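Taken in order, the sequence shown gives residues -18 to -1, 1 to 380; the numbers are from mature numbering (1 follows the signal peptide of the UniProt record, and there is no 0).
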Amino acid sequence: MRIVEFLLTLLIIPLVHSISFWGLSPEIYQKISSKKEDTDLISSKKITKRWDVVNLLKEMTKVESEVGYEYQAMHWLKDILEEQGLTVELQIVEDSDHSNTGLARHNLYAYMGTVRNTKILLSAHIDTNPEGRIPYHEIGEEIHARGACDAKGSAAGQIVAFFELWDEGKIEEGDVSLLFVIGEEYNGIGMKTAVESLNATWYSAAVLGEPTENKLSKGHKGNFRFDIEAWGKKSHSGYPELGFSAIEFLVRKLNILLDSELPSSDLLGPTTVNIGTIKGGDSANIIPSYAKAEMYIRVAGNSSEIKNYVEDLFNTEHSKITIVQFLDPQYLSFDVPGFELIACSYATDMPYLESISIKKYLYGPGSISVAHTQAEYVTVSELYDSVVGYKKIVEFNL
Ligand SMILES: [Zn+2]
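Listed below in structure tokens is the structure:
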């Protein structure tokens, strides 16, 4: 803009603004100006002190939320998000009569104002792995706590990113919503319920928070979680021919599975098998009549081929499988410039979003190598960097 035009603009802009009110009746003018004052009043009320991401994570991890026991954490989160000016809904996933723990279980959906359907969804799970509690403590730069990286660190980063974008005027009503879900560490019932019955729509992108070391995930393995039960016939251990060992049957079948070459992929690597638990039998001197194994296959290749193979192997006259969860491998968006990339070997709630045709990102602070262990932590700088990362992903997709 040349200097003359610039000076003219300085003259014209205030003129145009005052002209626009000349044609209004005094009542309407009064209405507009008082409405503006009301809005100011509301927004000044809303801008209470914003959370620092480290403090937010600290407080978040103090409220226990082991999978199944998420009631208190969700209500705590509702209160603090409402204090910050968000509209917050709790969606019942299981009421107290229907949950295993006798506690109601909720998802939390939050957004600014009244527009529930947004361009972008930021989401993380609030439930934590039942691998024992870790009270909040710091070791140098490391924040240790159950859920520090899986996935309360992500949730804290998303919340702070949301408010920074809002306060900077970069997002408005209808741009971004926050969804915090339960049950990810067991069967994904939270995200499944949200997608099926929250009745909210997202148009552009969903960003799921899980520990990716602040790298954008190119994809992750699917998960096939199932139990195998085997039945036999008890007898004196000196006379095995009179009985049928459920444990021996199960172990021989498991060996076949372990030795099988299951489909893999270039992007996600090999499909891996974990025998998580194995139980059975009564005593060393009795041929066992019952055995059970809890299994987890991380699926990197053709998932239905793997499922069919497992079903053929274990659905026999002496054994059967019960599927806990079966989710396909995920291939994700990684088009935002400036990020390192990573392929992940763990499963997330992402497959539940499959029916929604928007871009999907997986991103969050911390490393999966310490998730589900007693050494779970996230670093302070990773947390701050995740806020920058979430903001970048949102701005790219607005
Ligand atoms: Zn997780």
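We put the CB at the ideal spot given by N, CA and C, even for glycine. Nothing here was measured: the structure is a model prediction, and the numbers come from that model.
In the DSSP assignment, the residues bridged to T69 are Y93.
Counting only residues of its own chain and dropping the five nearest sequence neighbours on each side, N111 has a CB closer than 6 Å to the CB of E167 and H354.
Here I74 is bridged, per DSSP, to H88.
Assignment of A133 by DSSP, reduced to helix, strand and coil, places it in the coil class.
When distances are taken from the beta-carbon of D157 to the heavy atoms of ligand 1, even the shortest one reaches 6 Å or more. Taking each of F321, P333 and Y53 in turn and checking the Cα distance to E195, the smallest one comes out for F321. Going by DSSP, I121 is part of no alpha helix (DSSP H) but of the beta strand (DSSP E) stretching over H119 to I121. Contact between the segment 366 to 380 and the segment 215 to 231 is absent: fewer than three C-beta pairs spanning the two stretches fall below 8 Å.
About 5 Å separates the CB atoms of Q307 and N169; that is less than 8 Å, so the two are in contact.
Remark: the C-beta of D77 is outside contact range of ligand 1, defined as less than 6 Å to any heavy atom.
Looking from the CA of I121, the closest CA among D367, Y372 and V362 belongs to V362. For T175, the enclosing alpha helix (DSSP H) begins and ends at I171 to S179. I164 is a Cβ neighbour of D109, given a cutoff of 7 Å.
Per the coordinates, the alpha-carbon of H126 lies some 44 Å from the alpha-carbon of S271. In the structure shown, I340 falls within a coil segment according to DSSP collapsed to helix, strand and coil. Taking all protein chains in view, the Cβ of R115 is surrounded by fewer than 16 other Cβ atoms within 10 Å, so the residue is classified as exposed.
A straight line joining the alpha-carbon of S47 with that of K31 spans about 25 Å.
Per the C-alpha coordinates, the member of T304, L309, D264 and A266 positioned closest to S286 is L309.
V189 sits away from L59, with the two beta carbons spaced by 7 Å or more. G135 places its beta carbon less than 7 Å from that of L365.
C-alpha of V318 to C-alpha of N256: approximately 34 Å in a straight line. Measuring C-alpha to C-alpha distances from G84 to each of H107, Y118, N237 and E52 identifies E52 as the nearest. CA-to-CA, the gap between S246 and Y291 works out to about 14 Å. Going by DSSP, M42 is part of the alpha helix (DSSP H) stretching over V35 to K44. Under the criterion of beta carbons closer than 8 Å, G172 and H107 qualify as touching, at roughly 7 Å. Relative to ligand 1, even the nearest heavy atom lies 6 Å or more away from the CB of E364.
For A329, the closest C-alpha among the options R98, N89, G191 and F144 is that of G191.
For G50, the secondary structure class from DSSP, reduced to helix, strand or coil, is coil. The DSSP assignment places complete alpha helix (DSSP H) segments of no fewer than 4 residues inside the segment 192 to 273 at 228 to 241, in order along the chain. Contact between L38 and V158 is ruled out by a C-beta separation of about 17 Å, above the 8 Å threshold.
The beta carbon of A182 sits no closer than 6 Å to any heavy atom of ligand 1. The C-alpha of N205 lies about 21 Å from the C-alpha of G348.
Here T100 is buried, its C-beta having at least 16 other C-beta atoms within 10 Å.
With contacts defined as CB atoms closer than 7 Å, S217 and R280 fail to qualify as a contacting pair. Taking the C-beta atoms as reference points, G201 is found no nearer than 7 Å to S368.
Listed as beta-bridge partners of I125 by DSSP are E120 and V360.
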